[in-house]
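Data first, discussion second: the structure below is written as structure tokens.
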Amino acid sequence: MTGNDVLLSVQDLTKNYVSKKSFFGKPLSYVHAVDDVSLDIYRGETLGVVGESGCGKSTLGRSILRLIEPTSGKIIYNGTDLRTLDKEQMRQMRRKLQLIFQDPYASLNPRMTVLDLIKAPLDVFNIGTQEERVERVLEMMSLVGLTEEQMNRYPHEFSGGQRQRIVIARAIILGPEFVVCDEPVSALDVSVRAQVLNLLKELQEKRSLTYMFISHDLSVVKYISDRIAVMYLGRVAELATKDELYDSPLHPYTKALLAAIPIPEVGRKREGVQLEGDVPSPINPPSGCYFHTRCPYAKDICSKEKPELREVHPGHWCACHFA
Ligand code: SF4
Numbered sequence: 029m030t031g032n033d034v035l036l037s038v039q040d041l042t043k044n045y046v047s048k049k050s051f052f053g054k055p056l057s058y059v060h061a062v063d064d065v066s067l068d069i070y071r072g073e074t075l076g077v078v079g080e081s082g083c084g085k086s087t088l089g090r091s092i093l094r095l096i097e098p099t100s101g102k103i104i105y106n107g108t109d110l111r112t113l114d115k116e117q118m119r120q121m122r123r124k125l126q127l128i129f130q131d132p133y134a135s136l137n138p139r140m141t142v143l144d145l146i147k148a149p150l151d152v153f154n155i156g157t158q159e160e161r162v163e164r165v166l167e168m169m170s171l172v173g174l175t176e177e178q179m180n181r182y183p184h185e186f187s188g189g190q191r192q193r194i195v196i197a198r199a200i201i202l203g204p205e206f207v208v209c210d211e212p213v214s215a216l217d218v219s220v221r222a223q224v225l226n227l228l229k230e231l232q233e234k235r236s237l238t239y240m241f242i243s244h245d246l247s248v249v250k251y252i253s254d255r256i257a258v259m260y261l262g263r264v265a266e267l268a269t270k271d272e273l274y275d276s277p278l279h280p281y282t283k284a285l286l287a288a289i290p291i292p293e294v295g296r297k298r299e300g301v302q303l304e305g306d307v308p309s310p311i312n313p314p315s316g317c318y319f320h321t322r323c324p325y326a327k328d329i330c331s332k333e334k335p336e337l338r339e340v341h342p343g344h345w346c347a348c349h350f351a
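As structure tokens, then:
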């Protein structure tokens, strides 16, 4: 992480989906997938985004890249609000903004060779001659730990870990600055997860990449992140450096998530806030603090007023009335 040089700033980002329409097509209710999220991502860092399934973390990642059109808010990347760009300008911008997602098999066309798969972005943007493109593919393959002999093989001939290496090579071939990694190791065997995480770390250093790393798995996020944002029902509950968040969590939800991680040596859970009940529906989220229906510390004010995300200690943000 290189100082506090902001590469990307998300401001009041919201994404609502219409969940029910009237007979005449008028929206009757919405899913609040991302609800007024503001955060900065520093150049060269990995910002982990963690939360239970349905908390809006993937929608946030995709909205930032405008793969999903946000409902409102700003996404300032290197001084430009991505939401003001037209289709062609956004297409050009995609060279700098990439996505790696969970299932490498689903994202690789089974009828294409590794060479063609990794080369595709160069073909799309018409970069270099065919020879130069092949050369660039070989350079990327070596960078991610694949060999030249593998370039004419098909995805099914590779293991899950190797397929994710192909996806990573394709994602970095255009020289991106910012990569959203959406659960990139969740579909992999535990034994190869560390290898892929180490590869991502190595590439970050070599290629000066900035990551948003989305995962439901707190141990994975801890391993790779510099700072971590905890999301609950589309909002950021807490945001801090990795050490602060794990050593001194402030938000009851973060405490509950940490308490749910088994201690590896003894296989039991940590002491602390226990998370009970299911995540409420994002169609009709609770009033005030979204967490009040599950929070053991909830008071009257919690169901009435929304707690703002505020900086409780330098660099440590928390959205709780009592933090
Ligand atoms: Fe719990 Fe209230 Fe804090 Fe929300 S604002 S986390 S309900 S104590």
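Position one of the sequence shown corresponds to residue 29 (our numbering), numbered consecutively onward. Built from N, CA and C at the ideal position, the CB exists for glycine as well.
Nearer than 7 Å: is that true of the beta carbon of lysine 327 relative to any heavy atom of ligand 1? yes
Rounded straight-line distance, which links the Cα of leucine 278 to that of serine 253: 18 Å
Does DSSP classify alanine 61 as helix, strand or coil? strand
Using three-state DSSP, classify asparagine 180 as helix, strand or coil. helix
What do you reckon, is the C-beta of proline 138 under 7 Å from a heavy atom of ligand 1? no
For aspartate 68, write down the residues that DSSP places opposite it in a beta bridge. Ser37
Quick one: what's got a C-beta closer than 8 Å to leucine 41's C-beta in the same chain, skipping five residues either side? Val62, Asp64, Val65, Ser66, Leu88, Ser91, Ile92, Pro98, Ser100, Gly101, Lys102, Ile103
Roughly how many angstroms separate the alpha carbons of arginine 164 and aspartate 114, rounded to a whole number? 29 Å
Following a CB-centred definition, is histidine 279 positioned closer than 7 Å to any heavy atom of ligand 1? yes
Ignore the nearest five residues each way along the sequence and tell me which others in glycine 316's own chain have a CB closer than 7 Å to its CB. Cys330, Ser331, Lys332, Glu333, Lys334
Paired residues, beta bridge with glutamine 126 - DSSP: Val207
Per-residue DSSP class, three states only, for methionine 29: Low per-residue confidence applies at methionine 29: pLDDT is 46, beneath 50, and the placement is therefore not dependable enough to give any value.
For glutamate 116 and histidine 244, which I take to be in contact (beta-carbon distance under 8 Å), what is that distance rounded to the nearest angstrom? With a Cβ gap of about 36 Å, glutamate 116 and histidine 244 do not count as contacting.
Any idea what DSSP makes of methionine 259, helix, strand or coil? strand
Could you pull the start and end residues of the alpha helix (DSSP H) that arginine 161 belongs to? 158-171
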